[in-house]
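Quick note on the working numbering: the sequence shown kicks off at 23 and runs consecutively.
For every residue, glycine included, the Cβ atom is placed at its ideal position computed from N, Cα and C.
All figures in this text were calculated on a predicted structure; none of them were measured in a lab.
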Amino acid sequence: MSEKTVIPKPTIECECTKPIDTNTECFQCGIPITGKPVQYKIDGEVKDFCCFGCYLIYKTTGLRGDEGTAIAFLGRFGFGYFLAMIVFMLSTYIYGFHMTPDDPQAKMFVDFIKWVIVILATPVMLILGIPILRNALSGGKINLNTDTLIAIGAFSAYFLSLYSVFTGGHSFYFETATMILVLVTFGRYLETSSRAKASNFMKELLKLSPEKAIVIRDGKEVEVPRDEIKVEDIVKITPGEKIPADGIVLEGEGHVDESILTGETKPVFKKKGDELFAGTTNIDGSFKLKVHKPLEDWTLNRFINLMKEIRNTKAPINRITDTIAAWFLPVILTIATGAFIYWYIHEGFEKALIVSMSVLLISCPCAFSIGAPLALWIGLGEAMREGIIIKGADILEKLSSVKHVFFDKTGTITERNMVVSRVEVENDDVLKKACAVEKLSEHPLAKSFIQYLISEGKSCEEEAEMFKVHFGKGVEGNVNGEKVLIGSKGFIEENSIEIPEKFVEVEKRAEKEGEIPVFIAVNGKVKGIITFSQKIKEEAHKAISVLKKLKINVSVLTGDTPYFANVLKEKLGIDDVRAKLLPEDKLRIIREEKKKGKTVSMVGDGINDAPALAEADIGIAMGCGTDLTRESANVSLLSDDLRKVPLVILLAKKVKKVIYTNMFWAFIYNIIGIGLAVQGKLTPIFAAFAMVLSSAFVIANSIRVKNW
23 MSEKTVIPKP
33 TIECECTKPI
43 DTNTECFQCG
53 IPITGKPVQY
63 KIDGEVKDFC
73 CFGCYLIYKT
83 TGLRGDEGTA
93 IAFLGRFGFG
103 YFLAMIVFML
113 STYIYGFHMT
123 PDDPQAKMFV
133 DFIKWVIVIL
143 ATPVMLILGI
153 PILRNALSGG
163 KINLNTDTLI
173 AIGAFSAYFL
183 SLYSVFTGGH
193 SFYFETATMI
203 LVLVTFGRYL
213 ETSSRAKASN
223 FMKELLKLSP
233 EKAIVIRDGK
243 EVEVPRDEIK
253 VEDIVKITPG
263 EKIPADGIVL
273 EGEGHVDESI
283 LTGETKPVFK
293 KKGDELFAGT
303 TNIDGSFKLK
313 VHKPLEDWTL
323 NRFINLMKEI
333 RNTKAPINRI
343 TDTIAAWFLP
353 VILTIATGAF
363 IYWYIHEGFE
373 KALIVSMSVL
383 LISCPCAFSI
393 GAPLALWIGL
403 GEAMREGIII
413 KGADILEKLS
423 SVKHVFFDKT
433 GTITERNMVV
443 SRVEVENDDV
453 LKKACAVEKL
463 SEHPLAKSFI
473 QYLISEGKSC
483 EEEAEMFKVH
493 FGKGVEGNVN
503 GEKVLIGSKG
513 FIEENSIEIP
523 EKFVEVEKRA
533 EKEGEIPVFI
543 AVNGKVKGII
553 TFSQKIKEEA
563 HKAISVLKKL
573 KINVSVLTGD
583 TPYFANVLKE
593 KLGIDDVRAK
603 LLPEDKLRII
613 REEKKKGKTV
623 SMVGDGINDA
633 PALAEADIGI
643 AMGCGTDLTR
653 ESANVSLLSD
663 DLRKVPLVIL
673 LAKKVKKVIY
683 TNMFWAFIYN
693 IIGIGLAVQG
703 KLTPIFAAFA
713 MVLSSAFVIA
723 NSIRVKNW
């Protein structure tokens, strides 16, 4: 692991001359700044803050985001709790004063205690209450949010009590005002700390790359911070070290653990010309690495940025809860006003104030506002830990309702790297031309063919031009002025090319053995045939069985022969295996299933089956590794492990269940709590305490997602 660095105390100076960027975000909390930012110089650079509070949090904690905010809330809570408990204890003496009302010394002492309580309560109201009041009144207007309800309740109690101290009245609620703010602050700490923990995986990713690296500049080895590594820098890496940057190996060879990026636990052998990635671990090699990408384009940083983008997405259920929360507050204010009027008529001002305060404080829109996003954030983080990138909270929610999963065969149900079992060509020149075209293809068959040629010591120096992919059929290109076609029998016949009988016999034999035949045509004549043997993945049977237990229909769509389709039916127990399909056939099948009102998922490699993945409600691309942005896929699996497919659906179902539990709790809690408060059966302190408990329940329930 990299060494833990101690964050130095930042040097901060006020800066008032920097031009304002209207699209800037707060340096501390990351929220877009709509008005004029507060600007300060942090370690020599001018940074924008949305408010002085965020600047103060960063100054005192040195931490950005939810983690720094949580520590600030904890500090405020500790300060407020200490003073509020003293206020509470002193208030109990005042409440007992009615037992000796005629004692002049006791009366004088009570008057003295009242002023002590004012002195102790006022800092609590300022430090804990002002931030809440500012949020309630931001933008020069009264905002209908939770802070408005809390501010009305707490400051009403404070100023009524202060008025009583000055006028000699008996309305004394300082302990209520301070304890409300203490409990609310503790609730805010729970919320922010849980959000910080939900995004811990991004921090863990950042820790994967070393803080410093050895860079060779002007012939000398210099230790520089990771963030100062530049394109074209030469980085020295010794055995056991983390790779600090993305780059190309100039010297050295050895094994590298890339499991954090690819999900494959087997170390990868790296040599001159291969690419290394930041955050991976050098096991036994000594490398000199040439950095070929800027910092923001390193694979690890793209992972982190992708996670940040994903966290900012909203699922449909988020929008529903936001709408509920928006209507919730005006309704609560109306109920509180009605309760105040009723109790004012029947019991007087003080009783009316206490009841209306209880109504305002017992209501908890927090359960609506944090219940769904927190569960979704945790779910997205858990998926990332498993090497599953879900590109949006809306995708995670939709995954829970998948009813039919279609699988591509090659590289999905079967092993990605198939073995060349037979090659029959007229001469080696045909192989050279085929190699020139196939080395430009990303198809698993092409990669297996190139690997075969390398193992056989065949040269592949020819270059192809005008390369083109025909999805689900084959590829074509021009080599030394000759047109080369490589693909299925249908692709060859589609181009009006006749297949010689000797190659037809090889094809028939291959089909009987469950092999894949691929033809090579040069200038309109078939010059060779390659057959590939394929192996069903070991985990395929388990993955299919789990999907069936989840009552999800499973189908396989393949362009292969019906013979191998029957093999899949027998070995995997899949009834619906459709063979000899073209890409347009796969699209038609998916569209027909969607018309039935079912949520459809397509699983493939995201390359040759990209159209089908894009057409499905949920496209799942397997074996993405460092290629994070396959546009056709909603979900990217870093590894080729088929078990990740039912795994991600199970996770989505768990998240959905937790969200609905949160919503059910929120409704029941608010209905019962508001009903009791309106009847005058709750004190404001108990109401505030119940509100904190409600938020705590939602947070604890959301964390259950981790136990999926």
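Selected residue, minimal CA-CA separation from residue i, among the options
i	options	result
G737	S231, I367, H368 and K252	Given a span of 23 to 730 for the chain in the structure shown, any question on residue 737 remains unanswerable.
E275	G269, K288 and D296	D296
A199	K312, T321, L635 and A176	A176
G90	G209, F49, A405 and A235	F49
T207	L150, E372 and I476	L150
H314	L351, F362, L272 and I202	L272
F110	E67, I202 and D416	I202
G697	I174, V377, P261 and E369	V377
K312	E280, T345, N327 and D268	D268
F362	P706, A712, I694 and V700	V700
A643	I435, N502 and S193	I435
L402	K69, Q127, K675 and K63	K675
L594	P584, D627, E560 and K617	E560
I412	N684, V667, A710 and V714	V667
K564	V501, S555, D597 and L664	L664
V190	M130, I174, T580 and G241	Here residue 190 turns out to be Gly, not Val, going by the sequence shown. It is M130 whose Cα lies nearest to the Cα of G190.
L659	G626, E460, I681 and K163	G626
V204	L96, D249 and K234	L96
T359	F350, P145 and L382	L382
L18	L572, T580 and E437	With the chain running from 23 to 730 in the structure shown, residue 18 is simply not present.
S510	K728, Y195 and I521	I521
F99	V727, L148 and I64	L148
N723	K703, N692, A712 and Y682	Y682
G241	P247, R324, I256 and K252	I256
V491	E464, E419 and L590	E464
Reduced DSSP category for residue i - H, G, I as helix; E, B as strand; rest coil
i	result
P261	coil
M624	strand
I164	coil
T434	helix
A235	strand
H426	strand
I20	No statement about residue 20 is possible, as the shown extent of the chain runs from 23 to 730 and does not include it.
T651	Any reading at T651 must be qualified, since the residue scores a pLDDT of 42, below 50, and its modelled position is unreliable; the value itself is stated next. It is coil, neither helix nor strand.
G695	helix
I721	helix
I376	helix
K310	strand
DSSP bridge partner residues for residue i (one or two, in chain order)
i	result
Q473	Per DSSP, none; premise fails for Q473.
L635	According to DSSP, L635 bridges with nothing at all.
G762	The first residue shown for the chain is 23 and the last is 730, placing residue 762 beyond what the model contains.
N304	V278
G550	V447 and I542
D598	S577
N500	E487 and K505
L659	I410
S555	V441
Residues near residue i in its chain [Cβ-Cβ closer than 6 Å; skip 5 each side]
i	result
R239	none
E615	H426 and V622
T553	S443, R444, A532, E537 and P539
K26	With a pLDDT of only 35 at K26, under 50, the local geometry of the prediction cannot be trusted, and no value is derived from it.
W365	K373, A374 and V377
V441	S555
Nonlocal neighbours in the same chain, by C-beta distance under 7 Å from residue i, ignoring five residues either side
i	result
L212	S717, A718 and I721
D582	K431, I538 and A601
V353	none
V424	I574, T621, S623, I640 and I671
P633	F493, P605 and L609
A562	I435, L594 and L664
K461	I472 and C482
Close beta carbons around residue i, own chain, < 8 Å, minus the five adjacent residues each side
i	result
G550	V445, E446, V447, E448, V452, L453, A456, F525, F541 and I542
L569	V427, V576, V667, P668 and I671
I154	D169, I172, A173, A176, L203 and V206
heavy atom of the ligand ADP below 7 Å from residue i C-beta
i	result
F208	Although the ligand ADP was asked about, the structure shown includes no ligands whatsoever.
Neighbour flag for residue i against chain C, beta carbons, 8 Å
i	result
K559	Checking the listed chains, one finds no chain C in this structure; it contains a single protein chain.
Could you tell me whether the region 538-557 touches the region 496-515, where touching means 3 or more Cβ pairs closer than 8 Å?
yes
At a cut of 8 Å, does the region 443-460 reach the region 474-485 through at least three beta carbon pairs?
yes
Contact the region 395-414 vs the region 596-613: 3+ CB pairs below 8 Å
no
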